[in-house]
Amino acid sequence: MTTRRLAHGMAVAPEKNLALFSDMAARGQALVGVSALGFMWRFKPAPAEDVIFALDYTDTPNEDYLAVFEAAGWQHVLGIGDMQIFKAAPGTRPIHTEKQGERETLALQARGGMDSRRSCASR
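Letter 21 of the sequence shown, counting from 1, is numbered 21 in the working numbering, and no numbers are missing.
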């Protein structure tokens, strides 16, 4: 059975969504998609996991791109447009370590323009 949870808006509050994903994973609900209109996250039953989630933005998530994240311990979960969602074990080195970079990424995404080399992540 699919469970749905209200999306908080990645451009406005990515940390709330990332925390929701972690909470749902701990409850045995795996993120599998988003509703057709993008207002609800979709989850399905899965083994419970203690994981953290992070975001990266690219318009071309090719094999080499994904291999970089996998080598750093991040598993690709879902891609929606240019937004890529990853998960990893707690304590895995963050995808990005600069808060300023996160703010710039979010501001750029909110304006509708996204440089494929910019990213933001949860801690």
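Note that CB positions come from ideal geometry on N, CA and C, so glycine has one too.
As the structure is a prediction and not an experimental result, all values here were calculated from the model.
Could you check the C-alpha separation between residue i and residue j for me, to the nearest Å?
i	j	result
P154	W74	For residue 154 there is no data in the structure shown, the boundaries of the chain being 1 and 123.
F53	L78	11 Å
F21	Y57	18 Å
D23	H96	21 Å
F39	A71	32 Å
T3	T60	29 Å
V68	P47	26 Å
N62	P94	21 Å
Go through its chain and collect everything with a Cβ distance to residue i's Cβ below 6 Å, but skip five positions before and after it.
i	result
K87	V51, F53, Q75 and V77
A25	E49 and V51
T92	G73
For the alpha helix (DSSP H) that residue i lies in, which residues bound it at each end?
i	result
V32	No alpha helix (DSSP H) contains V32, which is instead part of the beta strand (DSSP E) from Q29 to V34.
F21	P14 to A26
Would residue i and residue j qualify as a contact pair, given that the criterion is a beta-carbon distance under 8 Å?
i	j	result
G33	R42	yes
L66	M83	no
L37	I85	no
K44	Q29	yes
What residues in its chain sit with their C-beta under 7 Å from that of residue i, if we drop five residues either side in the sequence?
i	result
A13	none
I80	V34
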